[in-house]
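A short write-up of the structure that comes next.
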Amino acid sequence: MKLRRRQILHLAASATILPVTSRFAWAENYPARPVHLIVGFFAGGLTDILSRILAERFAGRFGQQFIVENVAGAGTNIATERVVRSPPDGYTLLMATSSNAINATLYDHLNFDFIRDTAPVASIARTPLVMTVSPSFPAKTVPEFIAYAKARPSEINVATSGKGSSVHLAGELFMSMTGIKMTVVHYRESYVPDMLAGRLQVVFSPIPTIIEQIRAGKLQAVAITGDARSPALQDVPTIAEFVPGYEAIVWNGMVAPKNTPVGIIDQLNSAINASLGDERLKAQFGNVGSVPKSMTPLEFGKFVADDTAKWGKIIQAANIKVG
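Numbering (our numbering), first residue to last: 11 to 333.
Right under this line is the structure:
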C-alpha cells in the first residue's frame, strides 16, 4: 500500500513538472510565429499609433511579425474579451488602456474580470489630457476658471467624448476636487466644432485631438491633466499646480491572458522596457503627447488595480452607468 502511495505521489509530481518544463520550452522558442496585438479602437487613434510603433520594433527584435488588429466596439470590451478567451501562449496580446480600468465599474454585466482574467506584461505610456477653453471664455487660468464656475453653478458646458470616457471622467474628477458644478454634454461625434463655435466652454481633451486648434490660436489651453507638463505643450501648467493631487491620464500597457508563461511575459517586458528607453521612440511618442513609462509586470499590475479603484469611486459618486 505504501509503495502504491509513493508511485501515485511520484506520478503526480511528474505531471506537475511536465507542464512547467513545457512552459519554459515555449518561452525559449518564443515567438515561433506571428503575434497578434489586439487594439480596442479604430485605426489612427492614440492606442493604435503607439501599438504600431512598438510592433515595428518587436518585429526587428524577435524576427517575427507583431500584427496590430483593430477590434473596436463596446468601449474596448470586445477586444478585451477576445484576448481573455485566447490561449495563454503569448500569441494574442492586448494593448490595454485606462478604459479597461474604467470599464470594471462602468459596466454591470461584463463577461470577464479584467484584473482576474489577464496577466500584466508591461506599462508603455502615459498621455495627459489638456483642459481647453475657447479664446472668448473669460477664465484663462485654473484659479480663474474655478472662481468663475463657482459663481455660475451649472452654467458652464463641459464636453465629453461619451459617457464614462477618459474625457468625461477627467471633468468629473475636476468637479469633485474643486467643488464646482458644470453641465456635462456627451458627444458621439467630434466636440471640436462646437468648441470652436463657442457652444461649449471647456473640454478635457486628448492632446492629439485638439493640439492644432491650440497652436493656431483657435482654442486656449488652460492646463495639463497629468502630474508633469507635456512635451507637446511645454508652456502649459498642470492642474495639479493649482489643485494638489489632481491627475487624469490615459495610460497604455500590454496584458496577456491569465496563465501565460512567466518566461514569455518576462521576455516581452524586457523588450518593451528596452524600447521605451530609446530616444527615437521617445520622440515618436512625444509627437502624440505621450511619455514612455516602464514598469515591471508586478508594478504594472498594482498600478492597474489602483487606477481601477480610483475611477470606480468617481463613477459611483457620479452614478455613471452605461450597461
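C-beta: ideal position from N, C-alpha, C; glycine also.
Apart from the five residues just before and just after residue i, which ones in its own chain have a Cβ nearer than 7 Å to its Cβ?
{"i": "Ile156", "result": "Thr188 and Ile190"}
{"i": "Lys12", "result": "Reliability of the predicted coordinates at Lys12 is poor, the pLDDT of 38 falling under 50, and no value is obtained from them."}
Going by C-alpha to C-alpha distance, which of the options sits closest to residue i?
{"i": "Leu210", "options": "Arg198, Glu199 and Val194", "result": "Val194"}
{"i": "Gln74", "options": "Phe52, Val93, Ala42 and Leu64", "result": "Ala42"}
{"i": "Val272", "options": "Ala129, Phe310 and Ile325", "result": "Ala129"}
{"i": "Asn329", "options": "Val202, Ser186, Asn167 and Pro267", "result": "Ser186"}
{"i": "Asn110", "options": "Pro98, Thr306, Val168 and Gly174", "result": "Gly174"}
{"i": "Pro203", "options": "Arg239, Ser144 and Leu179", "result": "Ser144"}
{"i": "Gly100", "options": "Leu120, Tyr40 and Ala161", "result": "Tyr40"}
{"i": "Phe214", "options": "Leu104, Gln294, Pro307 and Val260", "result": "Val260"}
{"i": "Ala84", "options": "Phe51, Ala159 and Ala65", "result": "Phe51"}
{"i": "Gly311", "options": "Gly181, Ala266 and Ala65", "result": "Ala266"}
{"i": "Thr219", "options": "Val49, Gly54, Asp276 and Ile48", "result": "Gly54"}
{"i": "Ile282", "options": "His119, Gly70 and Pro44", "result": "Gly70"}
Who are the Cβ neighbours of residue i in its own chain at under 8 Å, not counting the five residues just before and after it?
{"i": "Leu243", "result": "Val140, Ile217, Ile221, Ile224, Ala231, Ile234 and Gly299"}
{"i": "Ala315", "result": "Ile125"}
Ordered along the chain, which non-local residues of its own chain (more than five positions away) have a Cβ less than 6 Å from that of residue i?
{"i": "His46", "result": "Ile77, Glu79 and Thr102"}
{"i": "Pro347", "result": "Any answer about residue 347 is impossible in this case: the structure gives the chain only from 11 up to 333."}
{"i": "Thr107", "result": "Thr57 and Asn262"}
{"i": "Val122", "result": "Sequence check: residue 122 is Phe here, not Val. Closer than 6 Å at the Cβ level, and outside the excluded window around Phe122, lie Glu91 and Val94."}
{"i": "Leu183", "result": "Ala258 and Ile324"}
Going by other Cβ atoms of all chains shown within 10 Å of its Cβ, with 16 needed for buried, is residue i buried or exposed?
{"i": "Ser285", "result": "buried"}
{"i": "Ile63", "result": "buried"}
{"i": "Phe147", "result": "buried"}
{"i": "Ser61", "result": "buried"}
{"i": "Gly227", "result": "exposed"}
{"i": "His178", "result": "buried"}
{"i": "Thr248", "result": "buried"}
{"i": "Leu2", "result": "Since the displayed the chain opens at 11 and closes at 333, residue 2 lies outside it and no answer follows."}
{"i": "Thr369", "result": "This structure leaves residue 369 out entirely; the chain is present only between 11 and 333."}
{"i": "Asn279", "result": "buried"}
{"i": "Gly172", "result": "exposed"}
{"i": "Lys268", "result": "exposed"}
Going by the C-beta, is residue i closer than 7 Å to any heavy atom of the ligand NAP?
{"i": "His196", "result": "This structure simply doesn't include the ligand NAP, nor any ligand for that matter."}
Handout entry: Given 8 Å, three or more beta-carbon pairs between the region 107 to 117 and the region 312 to 321
Key = The region 107 to 117 vs the region 312 to 321: in contact.
Problem - Minimum length 3: unbroken beta strand (DSSP E) runs contained in the region 150 to 234 - result: 167 to 170, 193 to 196, 212 to 216 and 230 to 234
Problem - Ranges of the beta strand (DSSP E) found wholly within the region 256 to 305, counting only runs of at least 3 - result: Complete beta strand (DSSP E) runs here, min 3: 259 to 267.
Practice task
Enumerate, from N- to C-terminal direction, the unbroken beta strand (DSSP E) stretches of 3 or more residues contained entirely within the region 29 to 88.
Solution key: Complete beta strand (DSSP E) runs here, min 3: 45 to 49 and 76 to 80.
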